[in-house]
Amino acid sequence: MFMSSVVMVALVAAPASAPAESRMWKVTGTDVTFVQSPRDLRGLRGNKEVFGLQSRKAAFLADFEAEPGTDVSDWDGSQSINILSVVGPWVSYEQSGSGYTGGAHPYAYTNYVTQDVTKGKDGFSLLDVFAEKDVLQALKADGFVRKHVDDEEAFKNATTVESLLEGLGPGEDCVGFEYGLDSVKRSVAFHHVEGDKVAVRIAFGYAGEMCRGNKFVVGVLLPIPKALRPALDRAAKREEGFLMKDAKAVKAPSAQFTWEPPKPKTP
-5 MFMSSVVMVA LVAAPASAPA ESRMWKVTGT DVTFVQSPRD LRGLRGNKEV FGLQSRKAAF
55 LADFEAEPGT DVSDWDGSQS INILSVVGPW VSYEQSGSGY TGGAHPYAYT NYVTQDVTKG
115 KDGFSLLDVF AEKDVLQALK ADGFVRKHVD DEEAFKNATT VESLLEGLGP GEDCVGFEYG
175 LDSVKRSVAF HHVEGDKVAV RIAFGYAGEM CRGNKFVVGV LLPIPKALRP ALDRAAKREE
235 GFLMKDAKAV KAPSAQFTWE PPKPKTP
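In the numbering used here, the protein residues as written are -5 to 261.
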């Protein structure tokens, strides 16, 4: 676990040469340092970048590399990434994109992602941090979730998050609950602390292609595990990171990337 009650690290001032709105902090109990500026958020372990907002442009552009001879004149694409919260080594962000790279339809998506920068892609799971029974109970109590119950008996008897989601339907608003286990695990952000609970936002995707680009955010209150409390408290005080409710106040950075086909060469 990344929290430590022994090691105490205060907010580190940004270097004098950095922009006035930049800030830097070391995550207590780890070797991770974050550097936040108006346009970027970077996570560093020693001299290695383990998270970089602006660095994601290279991966975005790589998606548009086509086989030689492919007609890309009608291709296009855009992506936006907005940082939502930073708790310990966990960075949560909203990612959305749209475009066309051939085929019958364009594409569009919007989701949340939480990444543990000490573990890399898919290294974070909400169900590893919170007791599954607590997540299950919170989802069962949510009004939006209850509106999408297809089988009341199965919903009532569900003992895992996966079995709960299997009993939900898309409804008229086309919610992708059937694909939602990964959403519960990783498509989340930490909004605020409320007593001994933390408000978590979970973003579910869409169920059918005709609903592409939609997302549906469910808010749940979960009991805070003892080991997580120090990191959440530091984020709530903006000493190390910040919570979603304060993203605007701390001027959390965002990035926008676009791709357009190369212009035809002039004869």
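Glycine included, every Cβ here is placed at the ideal spot set by N, Cα and C.
Just so we're clear, the structure is a prediction, and the values are computed from it rather than from any experiment.
Run of the alpha helix (DSSP H) containing residue i, from where it starts to where it stops
i: L159; result: 155 to 160
i: G46; result: No alpha helix (DSSP H) contains G46, which is instead part of the beta strand (DSSP E) from 42 to 46.
i: A102; result: Where A102 is concerned, there is no enclosing alpha helix (DSSP H), although the beta strand (DSSP E) it sits in stretches over 101 to 110.
i: K150; result: 146 to 151
i: A229; result: 223 to 230
i: V123; result: 120 to 123
i: A132; result: 126 to 135
i: A53; result: 51 to 56
Continuous beta strand (DSSP E) stretch holding residue i: start and end
i: E88; result: 84 to 94
i: F198; result: 191 to 198
i: L215; result: 210 to 217
i: E188; result: 182 to 188
i: F251; result: 248 to 253
Bridge partners - residue i, DSSP secondary structure assignment
i: G37; result: F28, F45
i: V80; result: V85, F236
i: V143; result: L162
i: S72; result: S92, T252
i: V169; result: Y200
i: G114; result: D110
Own chain, CB closer than 7 Å to residue i, minus 5 neighbours either side, in chain order
i: V244; result: R232, F236
i: E188; result: L215
i: K259; result: none
i: K283; result: Absent from the model: residue 283. The displayed extent of the chain is -5 to 261, so no value can be given.
Nonlocal neighbours in the same chain, by C-beta distance under 6 Å from residue i, ignoring five residues either side
i: G40; result: none
i: S11; result: Confidence in S11 is poor, its pLDDT being 43 and thus under 50, which makes the residue's placement too unreliable to answer from.
i: L35; result: L47, I77, P247
i: Q250; result: S74
i: R228; result: E234
Among the options, the one whose alpha carbon lies nearest that of residue i
i: A230; options: A241, V139, Q48; result: A241
i: G46; options: Y87, V66, D70, E15; result: Y87
i: G199; options: R228, P219, P164; result: P164
i: V139; options: G37, A221, G213, W69; result: G213
i: V85; options: T64, D65, S67, G117; result: G117
Spatial neighbours of residue i in its chain, beta-carbon cut-off 8 Å, leaving aside the 5 residues before and after
i: D128; result: L216, P217
i: L121; result: V129, V155, V178, K179
i: E290; result: Residue 290 is absent from the structure shown; the chain starts at -5 and stops at 261.
i: K42; result: none
Residue i: CB within 8 Å of a non-hydrogen atom of the ligand PLP
i: T95; result: The ligand PLP is not part of this structure, which contains no ligands at all.
Are three or more beta carbon pairs between the segment 102 to 114 and the segment 50 to 67 nearer than 8 Å?
They do not touch, by the three-pair rule.
Mind the definition here: the segment 150 to 169 touches the segment 183 to 191 only if three or more C-beta pairs lie below 8 Å; say whether that holds.
No, they do not touch.
When the Cβ atoms of the segment 83 to 99 are set against those of the segment 167 to 179, are three or more pairs found closer than 8 Å?
no
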